[in-house]
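Participant: Residue numbers (our numbering): 320 to 813.
Glycine included, each C-beta is placed from N, C-alpha and C at the ideal position.
Since this is a predicted model, take the numbers as computed values, not measurements.
This is the structure, below, for whatever I ask next.
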């Protein structure tokens, strides 16, 4: 391998293991209560199957689903391991055929992420992100200007790096450089430490490839209805929310952790704070051309008809082409988070089994029966419930993709029965699931910016304080977009 080739590793959900910040396991009573709840759920499934309300395949699919959810929440087992185990169990027990299971790894969404991760690795290798950050943040003069300029850059990065953890890994060195320069401004550093991972999470909704959970949701929707989300459709719906939500999140962090004096005192960030050459290099120019071409091709897909996955793979080949690319294919492929792709394929299979067996329809009818009883108000009540449940789901299920795997099949089935367009309910839930700011363990980007010997980050109490301010604002914003903004952009509520 050439000496100047850098391997960039993107670490993304699902994480390898989940423990509390102190490394302690959950108290025993949590496990006992959860086992009782799981047993009751299992008994309900058995009773439904015995009464003829649920087919055998539906009962098996639901039993496997309940077991997978329990393992995701209450054990430190790797999420990918659990998902693969659940999918294989469905094949062995009958609800899923072997071709259906193996075919999920060949889904367009999987190949889209493969190509996108290769391009992202090439972009990172050139140092282009650091150059762009340096060009912007060294020109700001106040903490508010700094935090909102950073927010704008992080929002744009959702179109370049297809994983929240990958974006956090790129942002962390920049934050550390800023923290060093602003060592005499600890409250400003704290606001940045909270705002950066928060914005990474809230801005992900801007792009279909901004988080693996988006593609999980889209593919489950496609399996159930025949239609998923296109790149441009997601962009039109997600970018406005990402911009508003991210800048609100940044402003709240600035307001909560700094006082008026901090916010008005000027900043002076030297131009040499970041290790970036003054002149643009040839690799930077070449990868910028490739990146621009890929994004433009995604945005014009309805015109030329080329699948986004093919566009991404063509971009990957261009970025790694001998003599023209900026890295080698081997180095870039090594940066692809294969556990995430396996997790996606396995959850596609799980969602397919739940849908085709009739399990989701039965579960939706059972869980949302009180909502259906509201008559004319059922649709609005359902969408409000979807927003609130999706916002709170991170407290139990820490993987964003796992949350989609759990919630979306049920939401699709319920939306259909209540007369709500399934695409609307899926997008609302997936967007709301981007809120995972309450605990350090709630999301990988949040954990990366927590206070440690190497990172002048935030304490758990700081995060709780911030979440208490951001959560109600997020709920109100999402409901406003659901009821007024998205319908105006072509996403109806009925």
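For residue 803, does the count of other Cβ atoms within 10 angstroms reach 16, so buried, or fall short, so exposed?
Facilitator: Indexing the chain shown from 1 puts residue 803 at position 484. So residue 803 counts as exposed.
Participant: Any chance the CB of residue 559 is under 7 Å from a heavy atom of the ligand ADP?
Facilitator: Here there are no bound small molecules, and the ligand ADP is not part of this structure.
Participant: For residue 654, count neighbouring C-beta atoms within 10 Å of its own C-beta (all shown protein chains included) and say buried if the count is 16 or more, exposed if not.
Facilitator: Counting from one through the chain shown, the residue named residue 654 turns up at place 335. Burial call: buried.
Participant: Ignore the nearest five residues each way along the sequence and tell me which others in residue 489's own chain have a CB closer than 8 Å to its CB.
Facilitator: In the chain shown, counting from the first residue as 1, residue 489 sits at position 170. Same-chain partners within the cutoff: 443, 448, 476 and 480.
Participant: Using the Cα positions of residue 493 and residue 587, report the straight-line distance between them to the nearest angstrom.
Facilitator: On the chain shown, residue 493 is found 174 positions in, with the first residue counted as 1. On the chain shown, residue 587 is found 268 positions in, with the first residue counted as 1. About 16 Å.
Participant: Can you name the start and end residues of the alpha helix (DSSP H) that residue 486 belongs to?
Facilitator: Numbered from its first residue, the chain shown carries residue 486 at position 167. Counting along the chain, the alpha helix (DSSP H) containing residue 486 begins and ends at 483-500.
Participant: Measure the CB-CB distance between residue 483 and residue 764 and report whether it falls below 8 Å.
Facilitator: The residue given as residue 483 occupies position 164 in the chain shown. The residue given as residue 764 occupies position 445 in the chain shown. Against a cut-off of 8 Å, the Cβ pair of residue 764 and residue 483 comes out as a contact.
Participant: For residue 746, which three-state DSSP category applies?
Facilitator: As a working mapping, residue 746 is identified with position 427 in the chain shown. Residue 746 falls in the helix class under three-state DSSP.
Participant: Quick check: the segment 740-753 against the segment 697-707, are there 3 or more CB pairs under 8 Å?
Facilitator: Because the criterion of three Cβ pairs below 8 Å is met, the segment 740-753 and the segment 697-707 touch.
Participant: Name the residue from 637, 356, 793 and 679 whose alpha carbon lies nearest to the alpha carbon of residue 437.
Facilitator: For this step, residue 437 is matched to residue 118 along the chain shown. With distances taken between Cα atoms, residue 437 lies closest to 637.
Participant: Pick out whichever of 589, 428, 533 and 439 has its Cα sitting closest to the Cα of residue 455.
Facilitator: Mapped onto the chain shown, residue 455 falls at position 136. When each option's Cα is compared against that of residue 455, the closest is 589.
Participant: CA-CA distance, residue 542 and residue 508?
Facilitator: Stepping through the chain shown from its first residue, residue 542 is reached at position 223. Stepping through the chain shown from its first residue, residue 508 is reached at position 189. Cα to Cα, residue 542 sits roughly 45 Å from residue 508.
Participant: Quick check on residue 777: does DSSP put it in helix, strand or coil?
Facilitator: Looking up residue 777 in the chain shown gives position 458. Note: residue 777 maps to strand in three-state DSSP.
Participant: Counting only the same chain and skipping the five closest in sequence on each side, list residues whose C-beta sits under 7 Å from that of residue 709.
Facilitator: Looking up residue 709 in the chain shown gives position 390. Once the five neighbours on either side are set aside, the close Cβ partners of residue 709 are 726, 748, 751 and 752.
Participant: Return the CA-CA distance between residue 359 and residue 679, expressed in angstroms with no decimal places.
Facilitator: Along the chain shown, one-based indexing puts residue 359 at 40. Along the chain shown, one-based indexing puts residue 679 at 360. Answer to the nearest angstrom: the Cα atoms are 18 Å apart.
Participant: Give me the residue from 786, 409, 613 and 370 with the minimum Cα distance to residue 576.
Facilitator: Sequence index remark: in the chain shown, residue 576 carries index 257 (1-based). Residue 576 has its Cα closest to that of 786, out of 786, 409, 613 and 370.
Participant: For residue 769, which three-state DSSP category applies?
Facilitator: Translated into the one-based positions of the chain shown, residue 769 becomes position 450. If DSSP states are grouped into helix, strand and coil, residue 769 belongs with the strands.
Participant: At 4 residues or longer, and completely inside the segment 347-417: list those alpha helix (DSSP H) runs for me, N to C.
Facilitator: Taking only runs of at least 4 residues, the alpha helix (DSSP H) segments lying wholly in the segment 347-417 are 347-369, 375-393 and 398-412.
Participant: For residue 373, which residues in the same chain have their Cβ closer than 8 Å to its Cβ, ignoring the five residues on either side in sequence?
Facilitator: By one-based count along the chain shown, residue 373 stands at place 54. 364, 367, 381, 677, 678 and 681.
Participant: Where do the ends of the alpha helix (DSSP H) carrying residue 583 lie?
Facilitator: Translated into the one-based positions of the chain shown, residue 583 becomes position 264. Its alpha helix (DSSP H) spans residues 579-583.
Participant: Could I get the ranges of all uninterrupted alpha helix (DSSP H) runs contained in the segment 522-583, with 4 residues as the minimum, in chain order?
Facilitator: Runs found: 531-544, 550-576 and 579-583.
Participant: I need the DSSP call for residue 599, collapsed to helix, strand or coil.
Facilitator: The residue given as residue 599 occupies position 280 in the chain shown. In the structure shown, residue 599 sits in coil (DSSP, three-state: anything other than H, G, I, E or B).
Participant: Contact defined as beta carbons within less than 8 Å: I believe residue 424 pairs with residue 415. What is the distance between those atoms, to the nearest angstrom?
Facilitator: The sequence position of residue 424 within the chain shown is 105, counting from 1. The sequence position of residue 415 within the chain shown is 96, counting from 1. With 8 Å as the limit, residue 424 and residue 415 do not qualify as a contact, their Cβ atoms being about 14 Å apart.
Participant: Is the CB-CB distance between residue 665 and residue 435 below 8 Å?
Facilitator: Against the chain shown, residue 665 aligns to sequence position 346. Against the chain shown, residue 435 aligns to sequence position 116. Not in contact: residue 665 and residue 435 (Cβ atoms no closer than 8 Å).
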